[in-house]
Every structure is written in structure tokens, then in C-alpha cells.
Amino acid sequence: MADDPYRALVLEDDLDAAELLRLTLVRAGFDVDVVGTTEAALAALGALGALARGHYDVLVTDIQLPGESGLKLLPVVRRLDPTITVMVVTAYPTFDHALEALREAADEFLVKPLDPDELARRAIELAGVARARRATPRRRVLAVGAHPDDVEIGAGATLAAHHAAGDDIAILTLSGGAVGGTTSVRQAESAAAAAVVGARLVHLDFPDTRIIPAEGVITAIEQVVQDVRPDRIYTHGAHDRHQDHRATHEAVQIAARQVPNLWCFQSPSSTVAFAPSRFVDVTGFVDAKLQMLAAFESQSHRDYMQPDVVRAAARYWARFGTGHDVEPLETVRASETPADGSALRASPADARTPFGTDHGTAV
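This is how it looks when you write it as C-alpha cells:
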């Protein structure tokens, strides 16, 4: 650590408390920057570019800040740097604060007055987690949907978890969704949703409701697969009432035959034959999924877009997996071993949590 010291950003508006945090971390071997507002913290993290000097390993933030809670900053922090670890400190602990900290992807929750030795020990541990995240090879993820919002409905929280793990994400949408609205509007909505998880968006213009694999669809998907070189793909399943969804499933199976991991998500038109074998713990990422779905304002009238329905579905599937919220997937191919999956970050609270389970086995 002497050659490459850990770096910490302290967000604390109380000058005395900020100095105590700074001194404790400096004595533990950290390079430390201190800011007093959320705006300054975002600048330091690179949102505005004014103070950015590279990666921080740990963000130490108070809850009580001028104007807003420090917890409200955390989703933005995760989008700016999915590898950073977060320590929340507060002089006013409540169960609600602790629960919100977990939901907003905090890695540690400490109560003032702080024990300097405990603070230093936990900061060093968290910094090590951040370095390990950056050292883990980034996975390349491709999600394929027939229409705008298909991918987000079926696997939005899973993609948010991939984003938090620092993985590269691409979303391929095969049609403009003309039957459901104006294509230019729906494409703009897709772009806004993709931005939530930092995904690259590829939007094609095959005819809505008339997607036919043999009429250029397979070739188009093959080209995207060659470009993205994904390690895993998420797409529609075969058990679906919508003909475009079934056609997309068929086309992806052919076009992505060399991709080692292929899973199928549930859509609102999936039939009772949908039989998931993998249950991805997406606890802490449902809010990001709802943010993605909120981008599709033209579809907000649909029942399956409502936040209570989305949350209820995630809670229901949790009965078959682990965690508070789960997204279900049908496994077509899965080459990962438990050791491969353990490096993925399924929960915002622990970088070492398995990314999901397949018949009860971490993969």
C-alpha cells in the first residue's frame, strides 16, 4: 500500500468531525480528500470533472448534510464508480436509516462517536474490496429484447447488479416498437433507460409484430455478438404468447450459439410454462430497475410497469432464491462454476456474494 496508497473521500459538513475522520484515515495510510457538500463530492468523484484525480477506494459520508441526506447521493455514486465502497456514519442512528443505507448500496454503517481503531480497520477492509473489484475481469453482458422496455422489464435489476459489479453492458433492441407508440419517442426512452446502467444501446428497426428470424434478424444479432463479444446473454424465453418474443428467442439461440452463457427472462406475456432454474439476488437494485422503467413514459399506463407490481414480483420470486428481491431466469446454457460466480457482486452490501443460484448452486 506504500507505493499505491488507498484513497478516501470524506463527505462531512461539520469541520471538527471532518478533521477527525481525515486524521484517522491518514494515520491508517490513506490519501484523503474532504468535502462538505454533495455537489463537491460529485465533482471529486468525476461527475463535473473539476476535482477528479482518479479512483477513490472508499467514500465516507455523513447522513445529515445541508439540504439533503447523504444517502440520496449513493445511487449517483454507484453510477459514477461501481467499484467504490461506501461507509455511512451518523450521530442519529435509527433502524430506518440503517435499512435505507443497505437499500442504497452502503457497505458499512457506523455510529458516532466513532472508535478510531474500528474506523481505520473497516476502511482498510473496504479499500481492499474496492481494489479487488477493479482487479476482477469485467464481464461483457448482452441483453436482447424484441421491443423497447422488454429487457428492462425482464432483467433490469440484474443489469443494474452487473453495472454495480463494473461489467460492460450492451442492450440490443430489435424493433422500434411502433405498435406500442411513436418509434422516435420509444428510442429516446430506451436511450434514457440504458443510461441508468451505463449500457451501450443498439436499436434496430425490424417490423414490430413481424420479427422473422430468417429475414435478416439472425444475421443482425450475429453482427452485434461479434462486436460485443459477450460472456453472457439475457433474452426472451420460448414460453411466451408474443410472437416477436418467441422469434427473438429462436434467433438468439442460433446467432449466439458460441456464447457460453445464455439465460431467458420472464416477460409480461410469458406463459405458465416459464420454468426458471436460476434466481438472481437483486436486493438493492430494484430501485434502479424502476428508474429504468420510469424512462418509458409512453408505456407508464401499463399495469406491469407499476412500481408496486414490479416490487411484488421481485418479492414473490425471492421465495425460490436468496435475498429480499429476486429476478428469475430460465437457463439455456451456463458454463460458469461456483468459483466464477462468487466474484460477481449480487448484493450492494457484499462484493463477495454469489451473483445468483441455479438449482441452489452459486454460479
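Using my numbering, read the sequence shown as starting at 84 and increasing by one per residue. Positions of the beta carbon are idealized from the N, C-alpha and C atoms, including for glycine. Note that the coordinates shown come from a computational prediction; the quantities given were computed from them, not determined experimentally.
Three-state secondary structure assigned by DSSP to residue i
i	result
PRO411	strand
ASP200	helix
GLU102	helix
VAL172	strand
GLU191	strand
PHE113	coil
THR144	strand
PHE403	helix
PRO231	coil
ASP87	coil
THR331	helix
ALA445	Note on ALA445: pLDDT 30, under 50, position unreliable in the model; the coordinate value appears next. Note: ALA445 maps to strand in three-state DSSP.
ALA135	At ALA135 the pLDDT is 41, less than 50, meaning the model places this residue with poor confidence and gives no usable figure here.
GLN389	coil
THR219	coil
GLY211	helix
ILE304	helix
ASP164	coil
THR265	coil
ARG312	coil
GLY249	coil
SER383	coil
ARG340	coil
ALA395	helix
Span separating the alpha-carbon of residue i from that of residue j
i	j	result
THR168	ARG315	26 angstroms
GLY299	VAL308	14 angstroms
ASP96	GLY259	48 angstroms
GLU413	ALA238	12 angstroms
TYR89	ILE207	8 angstroms
ASP386	VAL143	40 angstroms
ALA123	ALA297	53 angstroms
ARG324	SER353	6 angstroms
GLU201	GLU333	55 angstroms
VAL311	THR107	44 angstroms
ASP288	LEU209	45 angstroms
MET170	ARG398	27 angstroms
ILE304	SER267	22 angstroms
ALA282	ALA378	14 angstroms
GLU102	ASP87	23 angstroms
LEU193	ARG110	19 angstroms
HIS407	GLN336	31 angstroms
ALA422	GLU235	Summary for ALA422: the model assigns pLDDT 36, below 50, so the residue's position carries little reliability; its value from the coordinates is reported in the next sentence. The straight-line gap from Cα to Cα measures roughly 28 angstroms.
ALA100	THR405	38 angstroms
ALA91	ALA203	11 angstroms
ILE295	GLN326	9 angstroms
TYR317	VAL262	23 angstroms
PRO199	ASP145	16 angstroms
VAL355	ALA396	15 angstroms
ASP370	VAL363	15 angstroms
LEU197	ASP233	47 angstroms
HIS245	VAL365	10 angstroms
Rounded distance between the beta-carbons of residue j and residue i, thought under 8 angstroms
i	j	result
ALA127	ASP116	6 angstroms
LEU255	VAL227	5 angstroms
VAL224	PRO359	Their Cβ separation, rounded to whole angstroms, is 18 angstroms, which puts VAL224 and PRO359 out of contact at 8 angstroms.
THR331	LEU257	6 angstroms
GLY129	LEU163	6 angstroms
ARG161	ALA247	6 angstroms
SER381	ARG269	6 angstroms
PHE113	ALA240	That pair is no contact at about 33 angstroms.
According to DSSP, residues forming a beta bridge with residue i
i	result
ILE254	ALA226, LEU284
TYR317	ALA226, TRP346
PHE289	SER258
ASP323	SER353
VAL118	LEU94
ARG416	LEU345
Contact under 9 angstroms by Cβ, residue i with residue j
i	j	result
HIS138	ALA229	no
ARG216	PRO165	yes
TRP346	ARG329	no
GLU272	GLN349	no
VAL342	LYS372	no
ALA338	ILE301	yes
VAL141	ALA243	no
ARG222	ASP190	no
VAL118	LEU94	yes
LYS195	THR173	yes
PHE357	HIS322	yes
LYS155	THR120	no
Neighbour flag for residue i against chain B, beta carbons, 9 angstroms
i	result
GLY367	No chain B is present in this structure, which holds just one protein chain.
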